[in-house]
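Peer 1: Shown below is the structure under consideration.
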Amino acid sequence: MRPVKKTNHAKTPLYLLILLIFLLSLFFIPNIPSNPFSKALGTPIDSLNGVKVYYNGSIKNVAGRSLGPGQNNFGLKYQCVEFVKRYYYEHLHHKMPDTYGHAKDFFIPNLADGALNSQRALTQHHNPSQFQPQVNDLLVYSPTLFNPYGHVAIVAEVQANTIEIIQQNPGRWGRSRQRYQLSQENGRWLIHKKRILGWLRKKK
0 MRPVKKTNHA KTPLYLLILL IFLLSLFFIP NIPSNPFSKA LGTPIDSLNG
50 VKVYYNGSIK NVAGRSLGPG QNNFGLKYQC VEFVKRYYYE HLHHKMPDTY
100 GHAKDFFIPN LADGALNSQR ALTQHHNPSQ FQPQVNDLLV YSPTLFNPYG
150 HVAIVAEVQA NTIEIIQQNP GRWGRSRQRY QLSQENGRWL IHKKRILGWL
200 RKKK
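Residue numbers (numbering that gives the first Met the number 0): 0 to 203.
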């Protein structure tokens with residue numbers, strides 16, 4: 000009888016660990032210019048109402064500070080915050096009183112649904128809210144293990160049961176557009192994405 004060849008399973012976790020480290024590095028290391036799969040930082044990849052979304056590669060990349068007219072601080076290029084503040088300024092002609100802070104700082108947890116967020120001069124709505132999301136609303140996402148700063152995006156389209164968002168800096172291979180389910184339950188509108196804390200809106 001031929002001897003049974005033993006398989007060394009001890010090496011398997013090591014291979015998985017190496018693979019995991021490699022995959023994570025693709026998202027967090029800076030872009031390598033010689034990498035044929037990388038776009039150049041600052042390459043326009045999308046737009047909404049004439050306001051461009053720029054490619055940023057790894058979510059931690061920073062290419063200087065983005066300043067508008069009168070040294071208005073839009074944020075760090077080409078982070079998610081930079082896009083939403085630039086969008087609100089260029090398309091909605093809205094300048095936020097507080098031009099600093101991470102994405103998560105855009106949402107004040109203890110503020111009532113529909114109350115004024117004085118730091119941004121926008122009304123704030125929780126997810127879920129009695130107020131239905133609208134085009135141009137600014138969505139605020141909670142932090143994650145790999146992104147402690149949170150995330151922000153703009154509502155680009157609202158349908159009966161879905162919304163589409165546009166975002167900057169979703170990651171090296173992330174998409175600038177995503178679609179989420181939307182429903183009304185017990186008189187409150189819910190975006191079916193756990194990370195979404197709520198949305199901000201400019202009063203008409």
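Cβ coordinates follow ideal geometry from the N, Cα and C atoms, glycine included.
1. So what does SER65 bridge to, in DSSP terms?
2. Buried or exposed: which applies to GLN217, given that a residue is buried once 16 or more other Cβ atoms fall within 10 Å of its Cβ?
3. Whole angstroms are fine: how far does the CA of ASN109 sit from the CA of GLY63?
4. State the DSSP-derived secondary structure class of ARG85, mapped to helix, strand or coil.
5. Tell me which residues share the same chain as ILE44 and place their Cβ nearer than 6 Å to its Cβ, disregarding the 5 neighbours each side in the sequence.
6. CA-CA distance, GLY173 and ARG187?
7. Measure the C-alpha to C-alpha separation of GLY113 and LEU189 and round it to an integer number of angstroms.
8. So VAL139 and GLY149 are in contact, right, with Cβ under 8 Å, and what is the actual spacing, rounded?
9. Got a sec? Which residues, its chain only, sit under 6 Å from ARG178 by beta carbon, not counting five neighbours each side?
10. Straight-line CA distance for GLY56 to SER141?
11. Taking 8 Å as the cut-off, decide whether the C-beta atoms of THR98 and ASN71 are in contact.
12. Does the distance from the CB of ILE58 to the CB of ASN135 come in under 8 Å?
Peer 2: This is what the structure gives:
1. The partner list for SER65 (beta bridge, DSSP) reads GLY74.
2. Since the first residue shown for the chain is 0 and the last is 203, residue 217 is missing from the structure and cannot be characterised.
3. 33 Å
4. helix
5. When the five nearest sequence neighbours on each side are left out, the beta carbons in the same chain lying within less than 6 Å of the beta carbon of ILE44 are those of VAL52, TYR54, SER175, in order along the chain.
6. Taking the straight line joining both Cα atoms gives about 30 Å.
7. 15 Å
8. 7 Å
9. THR161, GLU163
10. 21 Å
11. In this structure, the beta-carbon distance from THR98 to ASN71 falls below 8 Å.
12. Taking C-beta atoms as the reference points, ILE58 and ASN135 fail to come closer than 8 Å.
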